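The listed protein sequences correspond, in order, to chains A and B.
FYI, the numbering for the first sequence is 2 to 116, going by this note's numbering.
FYI, the numbering for the second sequence is 666 to 776, going by this note's numbering.
Every residue gets a Cβ at the ideal spot worked out from N, C-alpha and C, and that includes glycine.
Predicted model, so just to flag it, every value in this text is computed and none were measured.
What follows is a single structure, written as structure tokens, with notes after it.
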Amino acid sequence: GAVVSQHPSWVICKSGTSVKIECRSLDFQATTMFWYRQFPKQSLMLMATSNEGSKATYEQGVEKDKFLINHASLTLSTLTVTSAHPEDSSFYICSAMTSGGSEQFFGPGTRLTVL
Amino acid sequence: SQQGEEDPQALSIQEGENATMNCSYKTSINNLQWYRQNSGRGLVHLILIRSNEREKHSGRLRVTLDTSKKSSSLLITASRAADTASYFCATRKNAGNMLTFGGGTRLMVKP
Numbered sequence: 002g003a004v005v006s007q008h009p010s011w012v013i014c015k016s017g018t019s020v021k022i023e024c025r026s027l028d029f030q031a032t033t034m035f036w037y038r039q040f041p042k043q044s045l046m047l048m049a050t051s052n053e054g055s056k057a058t059y060e061q062g063v064e065k066d067k068f069l070i071n072h073a074s075l076t077l078s079t080l081t082v083t084s085a086h087p088e089d090s091s092f093y094i095c096s097a098m099t100s101g102g103s104e105q106f107f108g109p110g111t112r113l114t115v116l
Numbered sequence: 666s667q668q669g670e671e672d673p674q675a676l677s678i679q680e681g682e683n684a685t686m687n688c689s690y691k692t693s694i695n696n697l698q699w700y701r702q703n704s705g706r707g708l709v710h711l712i713l714i715r716s717n718e719r720e721k722h723s724g725r726l727r728v729t730l731d732t733s734k735k736s737s738s739l740l741i742t743a744s745r746a747a748d749t750a751s752y753f754c755a756t757r758k759n760a761g762n763m764l765t766f767g768g769g770t771r772l773m774v775k776p
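The following block contains the structure:
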């Protein structure tokens with residue numbers, strides 16, 4: 002149980018385009034989902050926390066207009082990187098947790114490469 | 666922002682040896698968790714230790730927590746080549762659900 006999927010697993014896009022990444026909890030309802038970014042050989046940096054049905058809370062330094070997060074249902078959150086640039090190339094990982102839960106379940110990640 | 670610092674940043678050992686990784690953090694916590702990440706993959710949860718626990722075991726893994734020193738260690742005994750991965754500690758504060766990750770230790774186990 003407690004499986005989180007991400008789609009796509011990798012994406013290559015041209016500079017200036019927008020890319021949407023999906024994060025799904027497959028066998029549980031996730032009241033809270035988290036989005037992380039990880040650069041090569043570095044740790045995970047939390048970008049934002051999203052609760053179902055409400056606006057996401059962004060970490061300091063993360064542009065909310067550039068990284069659009071939608072958590073429309075208890076099993077799906079999406080991250081849209083708008084007007085992507087090469088510096089946005091990174092590994093994006095989501096995680097999900099249930100209400101009152103203590104463990105986050107992580108997705109397999111999405112590698113974004115912006116040319 | 667990153668709270669935890671891990672030590673060492675990289676560790677190379679021979680198969681069969683033990684591997685010890687350390688993690689330090691700055692604020693009070695509810696629990697501390699260790700994760701494993703194979704190159705280019707997602708995170709796998711290894712073990713969770715609560716702030717009122719001092720030691721926990723899971724198979725070949727042994728985790729200690731010293732809240733007075735704000736530090737934790739992960740010991741992998743009898744390492745295998747398949748243990749080669751990056752290991753991260755993550756802390757959860759007393760309030761909220763957010764996890765804060767340490768910098769990670771890249772472990773290489775040579776066959």
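- Non-local beta-carbon contacts of Thr-99 of chain A in its own chain, meaning distances under 7 angstroms to residues more than five positions away in sequence, involve Phe-29, Gln-30, Ala-31, Thr-32 in chain order.
- The C-alpha of Ser-704 of chain B is placed about 7 angstroms away from the C-alpha of Ser-751 of chain B.
- The region 6-32 of chain A is shown to contain whole beta strand (DSSP E) runs of 3 or more residues at 11-14, 20-26, in chain order.
- Under the 8 angstroms criterion on CB atoms, Gly-707 of chain B is classed as interfacial with respect to chain A.
- For Val-82 of chain A, the enclosing beta strand (DSSP E) stretches over residues 77-82.
- If you draw a straight line from the Cα of Gly-767 of chain B to the Cα of Tyr-690 of chain B, it comes to about 8 angstroms.
- Under the three-state reduction of DSSP output, Asp-66 of chain A falls in the coil class, being neither helix nor strand.
- Scanning the region 667-693 of chain B for uninterrupted beta strand (DSSP E) segments of 3 residues or longer gives 670-672, 675-679, 684-689, listed from N- to C-terminal end.
- Between Leu-113 of chain A and Tyr-93 of chain A, the C-beta spacing is below 8 angstroms.
- Per DSSP, Ala-57 of chain A has no beta-bridge partner at all.
- Within chain A, the C-beta atoms nearer than 8 angstroms to that of Met-763 of chain B come from Phe-35, Leu-47, Thr-50, in chain order.
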